[in-house]
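Before any comments, here is the structure.
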Amino acid sequence: MKKIIAVMILSIIWSAVALAAGTEYRMRVDGLVCPYCAYGVEKKLKAIKGVEKIDVDLNAGLVTVDVAEGVTLTAPQMKTLFQDAGFTYRSMVKKPLNEDAKNE
Amino acid sequence: MSRVSQSRGLFNRRVLGAVFLAGLGVGPAQAHDPIFGIGPHVIYKGGVEVAPEVHTSKKGNQRETALGIELTYGLTGDWSAGVDLPYQSSQDGLNDASGVGDASLFTKYRFWRHDTLGVQETTAVLAKVKLANGNEDTTPSVGTGSTDGILGLSYGYEGRKWYRWAGVRYRRNGENNAGLRRGDKVLVDLVWGIRPTPTSYLQPDTVWLVELNGEYGRHAELNGSSLPNTGGTEWFLSPGIFWTKRNFAVKFGVQIPIASHLYGRQDKTDYRTRLTLEWHL
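Each protein sequence line maps, in turn, to chains W and X.
Each residue of the first sequence is one higher than the last, beginning at 1 in the working numbering.
Each residue of the second sequence is one higher than the last, beginning at 1001 in the working numbering.
Okay, structure coming up:
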């Protein structure tokens, strides 16, 4: 009985963590050439409340952003953000950090 | 000696004999732009670039060192503006002087940008006004005493491995209170760069470059009379390096003269150097 209760508690905790997880946005961006220039992207993304992690893959032209639960990044918002940073936003794919990817 | 000759001698000592760094029309050193030439780079909207730098130059028995700080602000993603505040030290033979040099205001607008995966091609116009705030009464002078304007056009191709730039500038020099006007200048730049190892975002990044810088200057004038021992053409080959880590950059280059055709009797430039530290904030 104790084992069953323990498993149930762990399941509830795991579910709570999973439901509270945020979203990963993977964005295709053109014009990313050097780390120094990409710093502007990082700075602008960090200014958005709820952004928790940023990674830039220069060779693949990918900017990956993890945001907290309830935070949403939109395509028009990202288009403006990258324009202001001096680059060209192309598209994005988002997925809940614990689920399969969904195209936006 | 006639009064005109005396005046010309004074001119040569005070104005032509020094502040030749101020006559170059060096552009703001923004991000991955050439070191001596100009490039189309602008800082991101709302970004601040702080760039302390040191220029040195030797020409015969004249030496100059300019310590300066450039501050640039990103007005939009394609438009920046800033100020350059130098402190100049000049030596001409046994004479030397130092003091606040001529400050400059500059702006750059990137009017065309074509982005593809790992490549950015851009074109920008640049305008710069050099003020006449530096002291021109020292010997040698640390200020030119004239307000000068510079217009530039630049193209840049930046890839993950290769870089190339082309730029042209026209410098219109003003007249100072003594009726002296340094000759207008045209400057052209062709620059190639290579990143030997394409690094990832958080790694230190190095780009090597070599510039071909050409300068043509017209004769200077004193009260409308052309001064024969002024003006001409000089070409430089300029190896340089960018080293960056995240929002910090170090840039260094040396201008080595490879050809010159200077009017009359003039010392050729022996070398010039430029070291810039740069932060994006």
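Just so you know, even glycine gets a beta-carbon here, dropped at the ideal spot from N, CA and C.
As the structure is a computational prediction, the values presented were derived from the model and not from experiment.
Chain W beta carbons: is any one of them nearer than 8 Å to that of residue i?
i, result
"X:PRO1283", "For chain X, the structure presents residues 1001 to 1281; residue 1283 of chain X sits outside this window and is missing."
"X:TYR1201", "yes"
"X:GLU1070", "no"
"X:VAL1119", "yes"
"X:HIS1032", "yes"
"X:GLY1156", "no"
"X:THR1138", "no"
"X:ARG1181", "no"
"X:PRO1198", "yes"
Report buried or exposed for residue i, applying the criterion of at least 16 other Cβ atoms within 10 angstroms of its Cβ.
i, result
"W:GLY70", "exposed"
"W:PRO76", "exposed"
"W:ASN59", "exposed"
"W:ASP84", "buried"
"X:GLY1224", "exposed"
Where residue i and residue j are concerned, what is the direct C-alpha to C-alpha distance, given to the nearest angstrom?
i, j, result
"X:ASP1102", "X:GLU1278", "21 Å"
"X:GLY1179", "X:VAL1186", "22 Å"
"X:ASP1115", "W:GLY31", "4 Å"
"X:PRO1228", "X:ARG1218", "10 Å"
"X:PHE1106", "X:ARG1063", "26 Å"
"X:PHE1236", "W:MET27", "43 Å"
"W:LYS53", "W:THR72", "14 Å"
"X:VAL1050", "X:LEU1071", "5 Å"
"X:VAL1129", "X:LYS1045", "22 Å"
"X:ASP1205", "X:PHE1036", "20 Å"
"X:HIS1261", "X:LYS1268", "9 Å"
Determine, using beta carbons only, whether residue i comes closer than 8 Å to chain X.
i, result
"W:GLN77", "no"
"W:GLY53", "Strictly speaking, residue 53 of chain W in this sequence is Lys, with Gly absent from that position. With 8 Å as the cut-off, W:LYS53 does not count as an interface residue toward chain X."
"W:LEU32", "yes"
"W:THR23", "no"
"W:LYS49", "no"
"W:LEU73", "no"
"W:ALA38", "yes"
"W:LYS44", "yes"
"W:VAL153", "This structure leaves residue 153 of chain W out entirely; chain W is present only between 1 and 104."
"W:GLY70", "no"
Sorted by chain position, which residues of the same chain lie with C-beta nearer than 6 Å to residue i's C-beta, five sequence neighbours on each side aside?
i, result
"X:ARG1195", "LYS1161 and VAL1207"
"X:PHE1248", "TRP1279"
"X:ILE1258", "TRP1235 and LEU1237"
"X:ASN1061", "GLY1093"
"W:VAL56", "ALA38 and VAL63"
"W:ASN67", "Per the sequence shown, the amino acid found at residue 67 of chain W is Val instead of Asn. Same-chain partners within the cutoff: GLY22, THR23, GLY50 and VAL51."
"X:SER987", "Summary: the structure shown does not reach residue 987 of chain X, with chain X confined to residues 1001 through 1281, and so no result is reported for it."
Suppose the cutoff is 7 Å on Cβ atoms and the five residues either side in sequence are ignored; what does the same chain contact list for residue i look like?
i, result
"X:GLN1006", "Low confidence applies here, because X:GLN1006 scores a pLDDT of 46, under 50, leaving its location unreliable; read the following figure in that light. Excluding positions up to five away in sequence, the list is empty."
"X:ILE1038", "GLY1027, LEU1126, GLY1152, SER1154, GLY1167, ARG1169 and ASP1189"
Quick one: residues in its chain with C-beta nearer than 8 Å to the C-beta of residue i, no 5 flanking neighbours on either side, listed in chain order?
i, result
"X:ASN1176", "VAL1015, ALA1132, GLU1136, THR1144, GLY1145 and SER1146"
The region 1246-1279 of chain X: positions lying closer than 9 Å to chain W by Cβ: ARG1246, ASN1247, PHE1248, ALA1249 and GLU1278
For the region 1039-1055 of chain X, enumerate the residues whose C-beta is nearer than 9 Å to any C-beta of chain W, in chain order. HIS1041, VAL1042, ILE1043, TYR1044, LYS1045, GLY1046 and GLY1047
Residues of the region 1057-1081 of chain X with a CB closer than 9 Å to any CB of chain W: list them in chain order, please. GLY1074, THR1076, GLY1077 and ASP1078
Could you please tell me which residues of the region 80-98 of chain W, in chain order, have their CB closer than 8 Å to any CB of chain X? GLN83, ASP84, ALA85, GLY86, PHE87 and THR88
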